[in-house]
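What follows is a single structure, written as structure tokens, with notes after it.
Residue numbers (the working numbering): 136 to 311.
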């Protein structure tokens, strides 16, 4: 897929928020991918579960939408499950990284499971932060920064890749 242009690659999305302060630190653009295999009970976005729903949008249109706001320098990939479309999301992530954007993703997979997926690892390598693990309703808390349940971790992805193990991001504890 790497020889295709951003115009030729489409991503199935559920929606987008142009400016958010709740989906990661700072003012962020949030892209909600469509399709999720996890079906966590109590999911905040159950409408994103169907793999047939949402809208197919060319990556160049998504990039233009992000770049249209000069205040945005941070992007969050949410869902659904962004890592089920990792091969399609990767070219967008690489283009955003090239432009100096801070990238974050939410996933129901664990960091360790993503390392086992070739497309998952490639997308991981573009990220600054990752919130991993399924939402567990019994561990739900409104007091956790940027995550819904206590089992989920906010990871510093570059530090994790360098250390060869998951490394918690300082925001995991502070919310700052």
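Ideal Cβ positions, reconstructed from N, Cα and C, are used throughout, including at glycine.
In the DSSP assignment, residue 222 falls within the alpha helix (DSSP H) that extends over 221-233.
A contact is defined here as three or more CB-CB pairs under 8 Å, and the segment 137-150 meets this definition with respect to the segment 181-194. The three-state secondary structure of residue 255, taken from DSSP, is helix.
Judged by DSSP in its simplified three-state form, residue 145 adopts strand. Contact between the segment 288-302 and the segment 263-273 is established, with three or more Cβ pairs separated by less than 8 Å. When DSSP assignments are scanned along the segment 236-294, the uninterrupted stretches of alpha helix (DSSP H) that are 4 or more residues long and fall wholly within it turn out to be 246-250 and 253-259. Secondary structure of residue 306 (DSSP, three-state): helix.
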